[in-house]
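All residue numbers for the sequence shown refer to the numbering used here, where the first residue is 1 and numbers rise by one.
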Amino acid sequence: MENCGSMMPLIVLLLLSGIHRLNATDNDPMTGKCECTERFEGEQCEIEPCLNDGIKASDSSCHCPWGTTGSRCEKVTYCIESNGRLENGKCVCSDRFSGIFCQLRLCHNGDFVWDGSTGFCRCDRGFTGPFCNEKLVCIHGHITDDNKCSCDTNWTGERCDRCAIDHRLVGNECRMVVNEELLVAPQQNGAEVMDLWSMGMIISAAGIVIVLVIAITAVLFKRRQSKATKIDGTLGTDV
């Protein structure tokens with residue numbers, strides 16, 4: 001849009017055009033006069049008769065919105081306590097809020113969206129948090145177009161940092177739980193197989209020894225019993 005009041009001295013244009021031209025919708029090419037938006041007036045639309053979104057009435061008085069007062073609605077009577085404090089008719093907002101009542105969030109990496117109550121920040125892709133000041137990290141996944149984590153297979157959670165249902169973390173991988181033996185880490189398999197094999201050999205050898213001892217004991221017992229029978233028979237014949 002062209003500068004309003006093209007006939008004004010250059011120095012005045014430099015001071016005013018960068019500020020007040022934003023308050024005009026158009027300018028008449030014949031007269032150079034500005035057509036101001038609803039809340040502004042003056043040759044350069046530099047005058048705001050009613051502040052803080054107040055509306056100028058036909059009698060030039062201001063109709064002030066809730067939470068403001070004064071002839072020009074310049075005094076604020078309410079401030080959201082958790083977001084700022086009321087001081088000398090104005091809200092002094094904390095670092096992360098702005099607005100007449102400190103009702104607007106300062107979104108570092110996103111846009112503020114007013115929802116009719118408190119509003120919220122719609123974060124850019126890759127950022128999260130109430131003020132979009134935290135990086136969104138998907139540990140085992142990737143960020144989707146709607147700014148959420150899509151997890152890799154076997155992983156779940158908002159940041160893809162937990163194993164899915166019926167899975168357990170083994171080393172750096174999530175594995176499905178079928179039985180406890182399948183959860184043995186690969187680097188431990190060789191050692192544990194050797195241990196099991198050794199234990200099996202020991203048990204087998206012990207079993208063989210026990211069987212041999214029982215067999216030998218049985219043979220010796222039968223021999224003794226046989227000798228005792230022969231001796232008894234001989235003694236009976238002599239009588």
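Positions of the beta carbon are idealized from the N, C-alpha and C atoms, including for glycine.
Residue i versus residue j: straight-line alpha-carbon distance, rounded
i, j, result
"Ile-208", "Ala-215", "10 Å"
"Cys-123", "Gly-42", "39 Å"
"Ser-150", "Gly-126", "13 Å"
"Met-199", "Asn-154", "35 Å"
Continuous beta strand (DSSP E) stretch holding residue i: start and end
i, result
"Cys-151", "149-151"
"Lys-90", "90-93"
"Phe-131", "Looking at the DSSP string, Phe-131 is not in any beta strand (DSSP E), and its letter there is neither H nor E."
"Leu-86", "84-87"
"His-142", "141-143"
"Cys-34", "34-36"
"Gly-110", "110-113"
"Leu-169", "167-170"
"Arg-96", "Where Arg-96 is concerned, there is no enclosing beta strand (DSSP E), given that its DSSP letter is neither H nor E."
Residues near residue i by beta carbon distance below 8 Å, same chain, minus five either side
i, result
"Glu-74", "Leu-51, Asn-52, Thr-68 and Gly-89"
"Ser-60", "Pro-49"
"Arg-72", "Pro-49, Cys-50, Leu-51, Gly-54 and Cys-62"
Cut-off 7 Å between Cβ atoms - residues of its own chain near residue i, not counting five sequence neighbours on either side
i, result
"Asp-166", "Met-176 and Val-177"
"Pro-186", "Residue placement at Pro-186 is flagged as unreliable, the pLDDT there being 48, under the threshold of 50; a coordinate-derived value is accordingly withheld."
"Gly-132", "Here the sequence assigns Cys to residue 132, which means Gly is not the residue at that position. If we look at Cys-132 and ignore the five residues flanking it on each side, its Cβ neighbours are Cys-107, His-108, Asn-109, Gly-110, Cys-121, Cys-123 and Asp-124."
Beta-carbon contacts of residue i that lie in its chain and below 6 Å, excluding the five residues immediately before and after
i, result
"Val-219", "none"
Are the region 113-124 and the region 138-146 touching by the rule of at least three beta carbon pairs closer than 8 Å? no
I'd like to know if the region 158-165 and the region 123-139 are in contact, where contact means that at least 3 CB-CB pairs between them fall below 8 Å. yes
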